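Protein chains: 4
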Amino acid sequence: MSKIRVSLLGSTGMVGQKMVRLLENHPYIELAKVSASPNNTGKRYIDAVRWVENSEIPEYVSDMNLVSSDPNDHRDVDFVLSALPSEIAEGIETRLVSNGINVISNASPLRMRSDIPLINPEINYEHLYMLEDRDTKYVKNPNCTTTIMSMPLFDIINSDYERMYLTTMQAVSGAGFSGLPYMAINNNIIPYINGEEEKIPAEISKIFGYRNDDKIVNRNIKMSVTTVRVPVAVDHAGVLYINIKNFDIENFIKDIRNFKPLSRFSGLTMAPRQPIIIHEKNDAPQVHDVSGMEIHIGRLSYNDDTLRMYILGDNLIRGAAGITILTLELMHAMKLDN
Amino acid sequence: MSKIRVSLLGSTGMVGQKMVRLLENHPYIELAKVSASPNNTGKRYIDAVRWVENSEIPEYVSDMNLVSSDPNDHRDVDFVLSALPSEIAEGIETRLVSNGINVISNASPLRMRSDIPLINPEINYEHLYMLEDRDTKYVKNPNCTTTIMSMPLFDIINSDYERMYLTTMQAVSGAGFSGLPYMAINNNIIPYINGEEEKIPAEISKIFGYRNDDKIVNRNIKMSVTTVRVPVAVDHAGVLYINIKNFDIENFIKDIRNFKPLSRFSGLTMAPRQPIIIHEKNDAPQVHDVSGMEIHIGRLSYNDDTLRMYILGDNLIRGAAGITILTLELMHAMKLDN
Amino acid sequence: MSKIRVSLLGSTGMVGQKMVRLLENHPYIELAKVSASPNNTGKRYIDAVRWVENSEIPEYVSDMNLVSSDPNDHRDVDFVLSALPSEIAEGIETRLVSNGINVISNASPLRMRSDIPLINPEINYEHLYMLEDRDTKYVKNPNCTTTIMSMPLFDIINSDYERMYLTTMQAVSGAGFSGLPYMAINNNIIPYINGEEEKIPAEISKIFGYRNDDKIVNRNIKMSVTTVRVPVAVDHAGVLYINIKNFDIENFIKDIRNFKPLSRFSGLTMAPRQPIIIHEKNDAPQVHDVSGMEIHIGRLSYNDDTLRMYILGDNLIRGAAGITILTLELMHAMKLDN
Amino acid sequence: MSKIRVSLLGSTGMVGQKMVRLLENHPYIELAKVSASPNNTGKRYIDAVRWVENSEIPEYVSDMNLVSSDPNDHRDVDFVLSALPSEIAEGIETRLVSNGINVISNASPLRMRSDIPLINPEINYEHLYMLEDRDTKYVKNPNCTTTIMSMPLFDIINSDYERMYLTTMQAVSGAGFSGLPYMAINNNIIPYINGEEEKIPAEISKIFGYRNDDKIVNRNIKMSVTTVRVPVAVDHAGVLYINIKNFDIENFIKDIRNFKPLSRFSGLTMAPRQPIIIHEKNDAPQVHDVSGMEIHIGRLSYNDDTLRMYILGDNLIRGAAGITILTLELMHAMKLDN
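Protein chains in written order, with the UniProt record's numbering: chain A, 1 to 338; chain B, 1 to 338; chain C, 1 to 338; chain D, 1 to 338.
Printed below as a string of structure tokens:
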């Protein structure tokens, strides 16, 4: 069987580097092309990248010459994966799509357009079926925080909760490699992340939305969100309170332990065996517990009509690079990749 | 006028050092004696302390010889201030009190005893009047987080709120100088602080309690609390959601700006001119905004029946060393110091 | 006596803010004007600055309107203090000087010009006398690291040493507030600081140089320098080895203790009583020992013809903001300010 | 072929955990037993360990019951690997050895005993031959800093250098997981590490020593060492100056590139293909360049009779856990394992 050939936009960024590493030795996806900003086109990857992953640059990519983001440079791949900065993503991606090139994108523009599926795989892979009859597939992945925080909601969203109150504590890498000066965040907390507090409930509304033919109809969500930056390199955390009556927490724990919606598919190398891991120790989960695509929850309690949990996940892998690859693997398993 | 002579228990610890510095050049309080653990008794302060304040050891204290915690070593002072570790505080403090020595203490034991006032000065200085007829005064200050987070509640606690949901992000210094290894908290978040989640609502119940003769009757509080440790040296932060209907946020802002309950007293050197400062910029307040005894709030919003605010304060000054000194100043101004 | 009126270029930067704070309440220097980048001209200081000092913006400056760097905006002050970024400093400063306006500058351009004194006050204040007959005074202060590391050399530079080997460990603030992303330096060491390794020996050559009428003749220096960035917010450190025979270390210690070259002048508010403080404890000095203008040395030893010491100082105060003010104070004391 | 069965002392510590992970799936070494402090004997590994490695506890070890350090618990293994704390290592290890049990140890006691080889594999694996006729093998590995800093000296130690001047910048993990409080080292530099400055030159003297039958005769080393703790989690760095005349730096680079002394052996899974990697970019190497057993050097220059280099390596893998395993692999390859 021939491999799925992909090209990668934004390949020299922090999320791009993560994808490069995750695609090394992939059994059926071949990273065939890497692209970066125009001034780097033509350069070897190794000469253009400021590699920050904690490993050597994979050999398979180091000598590749960077291509542009022009559709002509991507006609011979099966999918374009986009880790583009949001400022430039919309123009480039829509141009590729209008040229008949399939795109799976991490970038924020157009995430809320009702005819583009916004996929957090375990939650709403079924939305991908709306692409079945389309010649060109354009798929979005959610914001990194949304991806992580939405996971344990699968079992709550349909219940009769009053309201959710979420406080996130987000890693500095979420702002990009150069997003925050050391002097600005070291020993400091910044109680605001631009745009984030609107994105999270909006994207959750769509992820848990209903498919209506070719469109997603967002679900109504009652959620207050405060997003806070803390001096941690990687992993986004959140404390979620849910005002809900007569909640059966034992059943919730059981549902989470049984939550393996992707187990019906095979070949998903990026799918965690256990998407959500529950920790019982009071001081868990912590950063060293996180290995990649799985979400961790701890501090689970229910009293005074209040369900409380602490949620932790890797913002670069689960929140960005890994979820895009998992989405492609899923589309392959669902036979939506051609 | 002669000065109020005080001795300081736990003078070599992080909070003790802060008090030593705050009492330097105090107009009417004289730090006359310093005490530390038994193995240091007799040593000069400068030889026993591992000074970590960002300034030199004040000259006035450096050559003092450390005394024991025995009542006999404290009979000639007007007040003992206690910054003792909680494990040993109860025995030492009650022995002093039963020997007729006045004690104002930061340590956690006995904070909830109904006949001992638990004072966060701006909130409940009137509780101090219950000491009027007592020969020996024993006063407690709240937990550092309680002190900070309770401040903006003065205007809410009497209203018809449904429930409060608090997530704190607490500084490492709150665990004491040696409380957390670098390897444990650097680039990490620990979603639990032992004992803290019970203390905060309990102490708030008492601070806002009613005085009934010689006792405080706790008020009922509806509050869920999650306390989280983040890699920040100083300052505790919190995100507070309050489920409340028909809340007049403009009035709340006005009330906070007018909130100067201690302005009726003079000579309170530790009382901040403005106890609560409201920030309007989205990304404020931050650590560099905090100068000592004042509390900062930001991210103030009210919608969907949800009042939201971010609260920030200095856990070592407002939360501990400064509040104890302010309590003594207040007792002096209220003529409860003899 | 009327005050010395100064204006401050680069007043909204990190070093500029430090100067604003140091000049608050100065007995005889009045910060009369503040200047910042052209797009901020006309704005109030408080509206243009992103204040990061750990205190409130001093009231005296918050409502000042920012002026341009044009000479016409500075004709009515006695001195311009420059905390300009090096990229733009040369043009602006020389234009001021050629318009007859006195300038004392922290910026790196022209530091090595033989007719401009490069002043580290305790070391070479006498170089200032070369300005005696000039109508317009133009003075430079050294690089922050040079300022700190050169201090203990006063007693070595004339001796018969073979070579000095310096390894610096420099704080992130030395690169400016936004100089280094958190992701780049957190838990990392960067073994290079652009331009720094050339500046340090060159500037030391000039600071310890000889005055020949109107010019400074650099002294020959035998020094190898490696400059390293470490994840520390403030304070530059260095380990200095000196290959030197028959060195009398007891005498060196005595010389350092007696080193008070500025004591002949009065009114120097920025001059530390003891410019160099020797620490005898093995693990000292540390960051909390540093209070401002003084330099700390520790780990002093001499064996195998090797003098070794650890040097620590505040890169923002001693290394930049404070030294410029001290230079002005000195010029005033030396009657070179008119 | 049956595997080499080993037991691991100190298996729950930070270095022990690293060994547990490195031995997972080892082709011919089987971690058969784990041991920890007496109060944990009998417990399952997973219940006793506070796992801090950034991965899950390997399944193969999680259910093992911890054994004591008594010789009777280790008679059925081929080798005991020791990651014991230095305070207790000597007694336990010598008791094992006197009971005929082979020990390879990371702990510091007895490292300098002339009849015990002190092995940094690439440098002096030949010292292992002194064990040939011994029934029981007892081998030590050097201090983590020595291990790293000694590597590039292989090509210098025989030359006619005058003196070496080393300044190390050492990671916090080198002090053990709980070795340094966050409040003590965050944003701070501690210019001293107890015992370290004596160990480094002493151990280098022995590593590069001569074998004389059953003993190692230390080589004379002219080296001044200053060891400094910096707020970095993992990796020790150093700046090394060497006063040396007529040094051929091009040849040195060539020698380093050809330095593959272990290539004559096969099956060394822990041996890096290239033991020393030279970086040419000014700002390299950095922490993210380090993948495990290899040493990185940068900032290489030679002028004014001064050879200068920056040295960086992983203190936990190269400096401790990995080198012990590599030593065992080597002994196996050299047929010294029975």
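Backbone N, C-alpha and C fix where the C-beta goes; we use that ideal spot for every residue, glycine too.
Computed from a predicted structure; not experimentally measured.
Cβ separation of residue i and residue j, assumed to be a contact under 8 Å, to the nearest whole Å
i, j, result
"D/Arg318", "D/Gly292", "7 Å"
"C/Arg229", "C/Val172", "7 Å"
"D/Phe79", "D/Asn102", "5 Å"
"B/Arg308", "A/Thr226", "6 Å"
"C/Ile256", "C/Ser114", "Not confirmed; about 30 Å, so no contact."
Nearest neighbour of residue i, chosen from the options [CA to CA]
i, options, result
"D/Ile156", "D/Pro71, D/Asn243, D/Glu198", "D/Asn243"
"A/Lys222", "A/Tyr241, A/Ile325, A/Gln17", "A/Tyr241"
"C/Arg44", "C/Asn65, C/Ile57, C/Pro38, C/Glu56", "C/Asn65"
"C/Ser37", "C/Gln170, C/Ser69, C/Met164, C/Ile216", "C/Ser69"
"A/His236", "A/Val61, A/Gln170, A/Gly322", "A/Gln170"
"B/Leu262", "B/Glu53, B/Leu23, B/Asn124", "B/Asn124"
"C/Pro142", "C/Gly238, C/Asn72, C/Leu330, C/Asn315", "C/Asn315"
"B/Ser224", "A/Tyr165, A/Ala202, A/Phe177", "A/Tyr165"
Sub-8 Å separation of residue i and residue j beta-carbons
i, j, result
"B/Val287", "A/Asn188", "yes"
"B/Ala32", "B/Arg75", "no"
"C/Val260", "C/Pro275", "According to the sequence shown, residue 260 of chain C is Lys rather than Val. Yes, these two residues count as a Cβ contact at 8 Å."
"B/Ser82", "B/Leu128", "no"
"B/Tyr302", "B/Phe265", "no"
"B/Asp283", "A/Ile190", "yes"
"C/Asn120", "C/Ile311", "no"
"D/Thr146", "D/Lys199", "yes"
Three-state secondary structure (DSSP) of residue i
i, result
"C/Tyr138", "strand"
"A/His279", "coil"
"B/Lys215", "strand"
"C/Glu90", "helix"
"C/Asn99", "coil"
"C/Lys3", "coil"
"D/Asn106", "coil"
"B/Tyr210", "strand"
"A/Val20", "helix"
"A/Ala284", "coil"
"D/Phe154", "helix"
"C/Arg299", "strand"
"A/Tyr125", "helix"
"C/Ser224", "strand"
"C/Arg44", "strand"
"B/Leu81", "strand"
"B/Asn39", "helix"
Interface flag, residue i vs chain A, CB-CB below 8 Å
i, result
"B/Asn243", "yes"
"D/Asn282", "no"
"D/Ser291", "yes"
Any chain B beta carbon closer than 8 Å to residue i
i, result
"D/Val172", "yes"
"A/Thr306", "yes"
"C/Glu294", "no"
"D/Tyr182", "yes"
"C/Glu56", "yes"
CB contact below 8 Å: residue i versus chain C
i, result
"B/Asn187", "yes"
"B/Val52", "yes"
"B/His288", "yes"
"D/Gly298", "yes"
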